[in-house]
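Student:
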Amino acid sequence: MRYPTYSFQGQQRTLAEIGRRTGVSPKALRGRIVKQGMTLEEAIAIPTAKSRTFTFDGKTRTISQWAKETGINSATLRERIGQFGWTLERALTEPVMDMVQRNRRKRNMRIVQRIVSNVRRERNEEIIRRMLKGLGPLGHPCREHSI
3 MRYPTYSFQG QQRTLAEIGR RTGVSPKALR GRIVKQGMTL EEAIAIPTAK
53 SRTFTFDGKT RTISQWAKET GINSATLRER IGQFGWTLER ALTEPVMDMV
103 QRNRRKRNMR IVQRIVSNVR RERNEEIIRR MLKGLGPLGH PCREHSI
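Numbering-wise (the working numbering), the sequence shown opens with residue 3 and increments by one.
1. Does residue 26 pass the burial test, meaning 16 or more other C-beta atoms within 10 Å, or should it be called exposed?
2. Checking 9 Å against the spacing of the C-beta atoms, do residue 75 and residue 102 come in under that value?
3. Can you tell me the Cβ-Cβ gap for residue 42 and residue 8, rounded? I've got them flagged as a contact below 8 Å.
4. Alpha carbon to alpha carbon, how far is residue 70 from residue 63?
5. Locate the alpha helix (DSSP H) running through residue 103, then write down its first and last residues.
6. How should residue 57 be labelled, buried or exposed, when 16 other C-beta atoms within 10 angstroms of its C-beta is the threshold for buried?
7. Hey, would you say residue 14 sits closer than 9 Å to residue 23, going by beta carbons?
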């Protein structure tokens, strides 16, 4: 199947080639040109959400470009900035955990969760024992909790 070509920078190029050069996805370009009736120049001029740029250390790049430059997965960068609220500097400079570090962190989190669960269970058991003795949760006499 032959893809349609468009005149771009003095040469005939496919939307995939144009997209790589402009940072606008071929799907977005196709939708803008075919469905919305825009010219190629209009379609390129509108930034996409994915082509939002970030400036760090005097360089302005998209997340995808930063990912290629730093070697950090673009999904990891998006997650660090969007979900975790990290600064761009921290997202770009903090090393990614390797598999050993990730597994160690997961194991430690399971241990902490188990400890918290045990403490809650023990605290609740103590409150129930006090209530059965006619004492409130803080050890003061309380008739309304007596059984």
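We put the CB at the ideal spot given by N, CA and C, even for glycine. Nothing here was measured: the structure is a model prediction, and the numbers come from that model.
Tutor: With the structure as the only source:
1. For the purposes of this step, residue 26 is taken as residue 24 along the sequence shown, with counting starting at 1. Classification for residue 26: buried.
2. For the purposes of this step, residue 75 is identified with residue 73 of the sequence shown, where counting begins at 1. For the purposes of this step, residue 102 is identified with residue 100 of the sequence shown, where counting begins at 1. No.
3. On the sequence shown, residue 42 is found 40 positions in, with the first residue counted as 1. On the sequence shown, residue 8 is found 6 positions in, with the first residue counted as 1. That belief holds up - the Cβ atoms of residue 42 and residue 8 are roughly 5 Å apart, short of 8 Å.
4. For the purposes of this step, residue 70 is taken as the residue at position 68 of the sequence shown. For the purposes of this step, residue 63 is taken as the residue at position 61 of the sequence shown. Computed Cα separation, rounded: 10 Å.
5. Within the sequence shown, the letter at position 101 stands for residue 103. Going by DSSP, residue 103 is part of the alpha helix (DSSP H) stretching over 101–134.
6. Indexing the sequence shown from 1 puts residue 57 at position 55. Exposed is the call here.
7. Working through the sequence shown from its first residue, we reach residue 14 at position 12. Working through the sequence shown from its first residue, we reach residue 23 at position 21. Not closer than 9 Å, so no.
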